[in-house]
Structures are given as C-alpha cells and as structure tokens.
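Visitor: In my numbering, the protein residues as written are 7 to 255. Think of the CB as a built atom: it goes at the ideal place given N, C-alpha and C, for glycine as much as any other residue.
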C-alpha cells in the first residue's frame with residue numbers, strides 16, 4: 007500500500023496570513039498538487055500534527071485542501087493544535103480519527119503525544135496502554151506507528167528539549183510487539199532516517215518552512231516545503247522517500 011505523509015502545515019484562518027514569512031496555505035497546496043502528479047492514488051494520507059498555527063479557523067482551510075483526497079485522511083494533533091478542536095473540526099469523511107486502522111497486512115496507529123500548554127511531548131499512560139492493547143489485538147499485522155513529537159534526538163539542542171519526554175517507555179511498548187515495522191513523526195521540520203532495532207525511523211519535513219539541522223538555537227533554513235511517500239509491502243518491507251517541492255514545481 008502507498009501512504010503519503012504531510013506534516014506541520016501550520017495553517018491559519020486566512021490564506022493571506024504568513025507564518026514566519028511563509029504563506030502556509032499556498033505551500034501545502036503546492037505539496038498536495040505535487041503528490042497528485044508524482045504519487046497518485048494513495049491508499050492513505052497521514053497528517054501528523056501542527057495542522058494549524060494556534061488558530062482553529064485553519065481547520066476549515068485544511069478540510070478544503072484534502073476534501074478530494076480519494077483516500078482516508080488520518081490525522082493527529084501537534085503542539086499547535088487543540089486535540090478537541092481536531093476531533094470536532096475534522097469529524098467527517100475523508101478524515102479518519104480511529105486510533106488504529108487496518109489495511110490488508112498493515113495496521114496504522116495514530117498517537118496523541120501532545121501535552122496541554124507545552125511544546126514538548128509525552129505519551130500519557132492511557133495512550134501507551136491503548137497502543138499496547140491495539141498491537142496485541144492484531145499480532146498478524148505489520149504496524150506503522152505515527153505521532154507528532156520525535157522520540158529520538160536530532161542533534162539540535164533547542165529542538166531536542168521539545169522531543170517526546172518518555173521515549174524509553176514508548177520504545178519498551180514497541181519492543182513487546184514484533185509486528186512494529188515503522189515509526190513516523192513530524193514536529194522537527196527536518197528529515198530524519200534511522201533504525202531502532204528492527205523499526206524504521208522516519209522524521210518528515212514540514213509542508214511550510216524547515217528548521218536548520220544541528221542548530222543549538224532556533225533557526226530557519228532555506229530548504230523548500232516537503233512531504234513523504236511510504237510504500238508498505240505485504241512482507242513488512244518499507245520503502246520511503248522525501249519529496250522536496252520547489253516553487254517552480
């Protein structure tokens with residue numbers, strides 16, 4: 007199956023409003039148009055947080071952009087979202103807010119790592135318990151687990167202070183289930199590729215602006231908007247890549 011991940015669009019209620027100088031509605035539209043040309047007919051779309059930039063009116067703009075997605079759009083909140091607003095504003099098709107969804111041999115799990123009033127993340131005990139139960143209930147499935155906050159350091163002091171606070175507990179749950187194959191997140195506005203044991207790690211850049219890598223203090227670089235494609239094989243294999251979307255594309 008093919009999944010497309012779009013993350014950190016930071017939309018507002020006005021298409022003319024800019025976030026740190028970026029017209030975020032336009033850059034998301036550019037990424038979606040690029041994906042429709044390069045990766046048509048996805049089986050699932052993954053939206054991994056910071057859907058809006060502290061502006062609930064931005065969800066209407068998000069809904070408009072994904073209305074014709076042709077596939078279920080799985081969404082989870084980031085630290086600039088209110089989880090209740092996400093559930094309320096994106097309640098109808100094509101948006102899917104199920105905790106775990108099955109696609110043939112694969113299961114996609116969407117975790118809420120947000121902490122109210124904080125930019126860093128943590129998985130509540132109840133969320134870890136739900137994850138454990140969902141994975142245990144379908145031991146025959148390969149699992150792709152998604153969340154907003156990064157669970158491994160990226161080598162950037164200010165950003166790593168805002169990562170998943172209880173990553174060790176999270177990885178302990180994953181280690182109990184041999185079907186977990188991939189882990190995807192947003193939040194960092196930069197790419198990351200790696201492995202944690204048998205689990206493929208995938209950090210995905212934003213559809214708007216990117217953060218400078220390995221920077222001790224907050225800094226934006228000049229890389230363009232981006233999204234990730236993920237091919238999930240019936241044998242548990244994952245093929246993936248990042249598409250950088252330049253202004254002329």
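Does the segment 174–185 touch the segment 143–162, meaning 3 or more C-beta pairs lie closer than 8 Å?
Guide: The answer is yes - the segment 174–185 touches the segment 143–162, with three or more Cβ pairs under 8 Å.
Visitor: Expressed to the nearest angstrom, what Euclidean distance is found between the alpha-carbon atoms of residue 62 and residue 107?
Guide: Rounded to whole angstroms, residue 62 to residue 107 spans 26 Å at the Cα level.
Visitor: Rank 8, 70, 89 by C-alpha distance to the C-alpha of residue 20 and give the top, closest one.
Guide: Selected option, being the one with the closest Cα: 70.
Visitor: Using C-beta distances below 7 Å, list every residue in its chain close to residue 164, excluding the 5 sequence neighbours before and after it, in chain order.
Guide: 222, 223, 224, listed in sequence order.
Visitor: How about residue 7 and residue 49: do their beta carbons lie closer than 9 Å?
Guide: Yes; because the gap between Cβ atoms is below 9 Å, this pair is in contact.
Visitor: Please name the residue, chosen from 244, 185, 168, 65, that lies closest to residue 200 on a Cα-to-Cα basis.
Guide: Ranking the options by Cα distance to residue 200, first place goes to 244.
Visitor: Across the segment 97–111 and the segment 140–148, are there enough close Cβ pairs to call them in contact, namely three or more that are closer than 8 Å?
Guide: Yes, since at least three Cβ pairs between the segment 97–111 and the segment 140–148 fall closer than 8 Å, the two stretches touch.
Visitor: Considering Cα atoms alone, identify which of 214, 125, 191 is closest to residue 208.
Guide: With distances taken between Cα atoms, residue 208 lies closest to 191.
Visitor: How about residue 58 and residue 100: are their beta carbons less than 9 Å apart?
Guide: Cβ atoms of residue 58 and residue 100: not closer than 9 Å.
Visitor: Using the C-alpha atoms, what's the distance from residue 83 back to residue 241?
Guide: Residue 241 and residue 83: Cα-Cα distance of roughly 30 Å.
Visitor: Does DSSP put residue 152 in a helix, a strand or coil?
Guide: Strand, per DSSP.
Visitor: Would you kindly work out how many angstroms separate the C-alpha atoms of residue 86 and residue 47, rounded to a whole number?
Guide: Answer to the nearest angstrom: the Cα atoms are 30 Å apart.
Visitor: What does DSSP give as the partner residues of residue 114 in its beta bridges?
Guide: Note: residue 114 sits in a beta bridge opposite 107, 150.
Visitor: Return the chain-ordered list of same chain residues with a C-beta closer than 6 Å to the C-beta of residue 137, the five sequence neighbours on each side being excluded.
Guide: Once the five neighbours on either side are set aside, the close Cβ partners of residue 137 are 179.
Visitor: Tell me the rounded alpha-carbon separation between residue 214 and residue 38.
Guide: Their backbone Cα atoms lie some 12 Å apart in a straight line.
Visitor: Determine the contact status of residue 10 and residue 45, defining contact as a CB-CB distance below 9 Å.
Guide: Going by C-beta atoms, residue 10 is nearer than 9 Å to residue 45.
Visitor: Could you give the distance in angstroms between the alpha-carbon of residue 236 and the alpha-carbon of residue 148?
Guide: Rounded to whole angstroms, residue 236 to residue 148 spans 14 Å at the Cα level.
Visitor: Kindly say whether residue 109, judged by its beta-carbon, lies nearer than 9 Å to any beta-carbon of chain D.
Guide: In the structure shown, chain D cannot be found, because there is only a single protein chain.
Visitor: What residue from 126, 80, 254, 211 has the CA that sits closest to residue 232's CA?
Guide: Taking only the C-alpha atoms, the option nearest residue 232 is 211.
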